[in-house]
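In the working numbering, the protein residues as written are 2 to 257.
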C-alpha cells in the first residue's frame, strides 16, 4: 500500500503547522495581508458599488462589504509590507497587463489554443511572463501559508530570481462551463463577471509526516491557471517557459 494518502478539506488538518508570524518570503515580521484578488480588479468587477460583489463558497453566498478589508478577499498577514509592496510590484504590473488583455480580448479566447505572451507584453514578454508566473507563485504561497502549511522553499528562490520552480506544474486553461456563464454579457464592456479559486487538494506522507503534493486553480472569467506542487519533483514543464502558452481545455488538462 502506498505511503501517500490523497486528502481534501479537514482530512489535511493533521499536517498543518502553527503560524510563525513571519513573512514567508524574507523572514521579517509579517504585517501585511495580500489580496486574494487584486484590488484594481475588484473595483472593476464591482462597477462602482461594493454591494455588487458576492463571495460564493461551497455552502454559502455572502456580500462583500469592503473590498479593502474583508477577510473574504485577503489572506491573513503572512508577508511583510516590503515584500507585499515594493519587492513584488513588478509581479503586480505583469498580472495587471495579463488581466487587461483578458478584459479586452478574452471573448475570443474560447476558440484559441494558445496565449501569445508577445501580444500581451510586446518585446519584453520573456521578463514579463516570468513576472506573471511570480505573481501566481506569490499568491499560491500566501494561500498555502494561510491554510496552515509550510511554503516550499523553492517558491522563495523563484521570487528571488530563479528561472523556474522545478517542483510546480502550472498550465493555463479555458473552462467551457464558465464561458457559458459569461456569454450572456459578452457584448458588454464589463463582460467578466468573476474571479475565483478552485478547491485545494493534497497528498500527505504518513512516514514523512508532511504534505507531498497540493493542487488547485485560479480563474479570471473563464481563463484559469491550474497548478500542482509535488515534493522532490524536478522536471515540471510550466507555461511560462514558452512564448505561446498552451491554453488547454478544462476537461482535457495534461496528466501531471
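Even glycine gets a Cβ: it sits at the ideal position worked out from N, Cα and C. Note that the coordinates shown come from a computational prediction; the quantities given were computed from them, not determined experimentally.
Mapping DSSP to helix, strand and coil, what is residue 164?
Along the chain shown, one-based indexing puts residue 164 at 163. Coil.
Which value, in whole angstroms, describes the spacing of the CA atoms of residue 124 and residue 244?
If you number the chain shown from 1, residue 124 lands on position 123. If you number the chain shown from 1, residue 244 lands on position 243. Roughly 11 Å between the two C-alpha positions.
So for residue 253, helix, strand or coil by DSSP?
One-based indexing of the chain shown puts residue 253 at position 252. Correct three-state label for residue 253: helix.
On the three-state DSSP scale, how would you describe residue 33?
Residue numbering aside, residue 33 sits at position 32 when the chain shown is read from its first letter. Strand at residue 33.
Alpha carbon to alpha carbon, how far is residue 249 from residue 236? Give it in angstroms, no decimals.
Reading the chain shown from its first residue, position 235 is the one you call residue 236. Reading the chain shown from its first residue, position 248 is the one you call residue 249. Going by the C-alpha atoms only, they are around 20 Å apart.
Quick one, which of 135, 83, 178 has its alpha-carbon nearest residue 155's?
Taking the chain shown and counting its residues from 1, one reaches residue 155 at position 154. For the residues 135, 83, 178, the minimum Cα distance to residue 155 belongs to 135.
Measuring straight from C-alpha to C-alpha, what distance separates residue 21 and residue 147?
Position 20 of the chain shown holds residue 21. Position 146 of the chain shown holds residue 147. Roughly 11 Å separates the two Cα atoms.
What does a CB cutoff of less than 6 Å around residue 126 pick up in its chain, not counting 5 residues either side in sequence?
Numbered from 1 along the chain shown, position 125 holds the residue referred to as residue 126. These residues qualify, in order along the chain: 118, 119.
Taking residue 219 and residue 229 to be in contact with their CB atoms under 8 Å, please state how far apart those CB atoms are, rounded to whole angstroms.
Walking along the chain shown from the start, residue 219 turns up at place 218. Walking along the chain shown from the start, residue 229 turns up at place 228. Not really, about 13 Å apart at Cβ, beyond 8 Å.
Please determine if the region 153–172 and the region 99–115 are in contact, where contact requires at least 3 C-beta pairs separated by less than 8 Å.
no
For residue 126, name the three-state secondary structure that DSSP assigns.
As a working note, residue 126 is residue 125 in the chain shown. Helix.
Is the region 198–213 touching the region 171–187 in the sense that three or more CB pairs, one from each, lie closer than 8 Å?
no
Assuming residue 80 contacts residue 31 (C-beta within less than 8 Å), just tell me the rounded distance between them.
In the chain shown, residue 80 corresponds to position 79, counting from 1. In the chain shown, residue 31 corresponds to position 30, counting from 1. Going by Cβ atoms, the distance from residue 80 to residue 31 rounds to 6 Å, so yes, they are a contact pair.
Under 7 Å between the Cβ atoms of residue 121 and residue 175?
Residue mapping note: residue 121 aligns to position 120 of the chain shown, counting from 1. Residue mapping note: residue 175 aligns to position 174 of the chain shown, counting from 1. Going by C-beta atoms, residue 121 is not nearer than 7 Å to residue 175.
If you compare alpha carbons, which of 195, 27, 222, 232 is closest to residue 143?
By 1-based counting over the chain shown, the position of residue 143 is 142. Among 195, 27, 222, 232, the Cα nearest to that of residue 143 is on 27.
Using 10 angstroms around the beta-carbon of residue 75, count the other beta-carbons present and answer buried if the total reaches 16, otherwise exposed.
Your numbering for residue 75 matches position 74 in the chain shown. By the 10 Å Cβ count, residue 75 comes out buried.
Do residue 100 and residue 242 count as a contact pair if the criterion is CB distance below 7 Å?
Numbered from its first residue, the chain shown carries residue 242 at position 241. Numbered from its first residue, the chain shown carries residue 100 at position 99. In this structure, residue 100 does not lie closer than 7 Å to residue 242 by Cβ.
CB contact flag (residue 171, residue 91, <7 Å):
Translated into the one-based positions of the chain shown, residue 171 becomes position 170. Translated into the one-based positions of the chain shown, residue 91 becomes position 90. Taking 7 Å as the Cβ cut-off, residue 171 and residue 91 do not qualify as a contacting pair.
So, using beta-carbon positions, are residue 103 and residue 168 closer together than 7 Å?
Counting from one through the chain shown, the residue named residue 103 turns up at place 102. Counting from one through the chain shown, the residue named residue 168 turns up at place 167. No, Cβ-Cβ distance for residue 103 and residue 168 is not below 7 Å.
List the whole-angstrom C-beta distance separating residue 149 from residue 17, where the pair is believed to meet the contact cut-off of C-beta under 8 Å.
Position 148 of the chain shown, counted from the first residue, corresponds to residue 149. Position 16 of the chain shown, counted from the first residue, corresponds to residue 17. Confirmed, Cβ separation roughly 4 Å.
Would you mind reading off the limits of the alpha helix (DSSP H) that contains residue 101?
On the chain shown, position 100 is the one that residue 101 refers to. 90–106 is the extent of the alpha helix (DSSP H) around residue 101.
Here's a check: name, in chain order, each residue in its chain whose Cβ is nearer than 6 Å to the Cβ of residue 57, leaving out the five neighbours to either side.
Against the chain shown, residue 57 aligns to sequence position 56. The predicted model places residue 57 with a pLDDT of 46, which falls under 50 and marks its position as unreliable, so this point remains unresolved.
Restricting to Cα atoms, I'd like to know which of 196, 87, 173, 35 is closest to residue 255.
Here residue 255 corresponds to residue number 254 of the chain shown, with the count starting at 1. It is 173.
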